[in-house]
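Participant: Residue numbers (our numbering): 1446 to 1693.
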């Protein structure tokens, strides 16, 4: 087990936990304002340790115990963090497991570093959510507040309100993945709950329709919510990762 801090080219310090093992390795990419100590990350780590598989989990800047403030970050910053972690802390192609925002970031990795991708598993992937969910869902008053003050507070069922910055929204427009063709040559498995209140099933269907590749599948789980963390869902995640590894 290797626990440490990685300094990125942008001089951000990322906390990580790494297990040495067989390749292709598995990298967990967490969601918006989540961290590497979440249920899915720890479940995958336990699975990797038992399987003798290389594994990496880390905190984006402004998340968990990494440096920086959450409100200072953008999708591009967090994608750069993921790129730095994958390039510095793993060897060869990896199976990326992206949860929610991590699903978006995994797609950016597939576009930017296809040579480092052995497979892709997304869990309630939320590509382009800053534009299609947040900005599109804002009232005229919220949009005006964001432009005038630089931020707006959104209620969250996960704790304190989310502070959404104008920079997050505007920079997110440079990272959109559903506006241009995206071809992925490695196996892709998308997992989506039908009771997800944060990412509608229509997003998963849109992503399925958008991606091009020889081996892309979407599995819907009736009744599963956005957390996708009960025992059944966790077992499905590891089974799906094993399936992708078998085709990698």
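Beta carbons are placed, not taken as given, at the ideal position from N, Cα and C, and that holds for glycine.
Buried or exposed: where does residue 1450 fall if 16 or more other Cβ atoms within 10 Å of its Cβ makes it buried?
Facilitator: exposed
Participant: Determine, using beta-carbon pairs with one atom in the region 1634-1644 and one in the region 1568-1578, whether at least three such pairs fall under 8 Å.
Facilitator: yes
Participant: Answer with buried or exposed for residue 1551, where buried requires no fewer than 16 other C-beta atoms within 10 angstroms of its C-beta.
Facilitator: buried
Participant: I'd like the list of long-range same chain contacts for residue 1659, defined as Cβ closer than 8 Å, with 5 residues on each side in sequence excluded.
Facilitator: 1630
Participant: Start and end of the alpha helix (DSSP H) containing residue 1455?
Facilitator: Here residue 1455 belongs to no alpha helix (DSSP H), and DSSP marks it neither H nor E.
Participant: Can you tell me the Cα-Cα spacing of residue 1492 and residue 1542, whole angstroms?
Facilitator: 13 Å
Participant: Only counting the same chain, and skipping five residues up and downstream in sequence, which positions put a Cβ closer than 7 Å to that of residue 1640?
Facilitator: 1668, 1669, 1670
Participant: When DSSP labels each residue in this structure, what does residue 1672 get in the three-state scheme?
Facilitator: coil
Participant: Should residue 1664 go down as buried or exposed, given a rule of 16 or more other Cβ atoms within 10 Å for buried?
Facilitator: exposed
Participant: How is the beta strand (DSSP E) around residue 1635 delimited, first residue to last?
Facilitator: Start and end: 1633-1638.
Participant: I need the straight-line Cα distance from residue 1666 to residue 1476, nearest angstrom please.
Facilitator: 19 Å
Participant: As a quick exercise: from 1511, 1651, 1520, 1448, pick the residue whose alpha carbon is nearest that of residue 1456.
Facilitator: 1511
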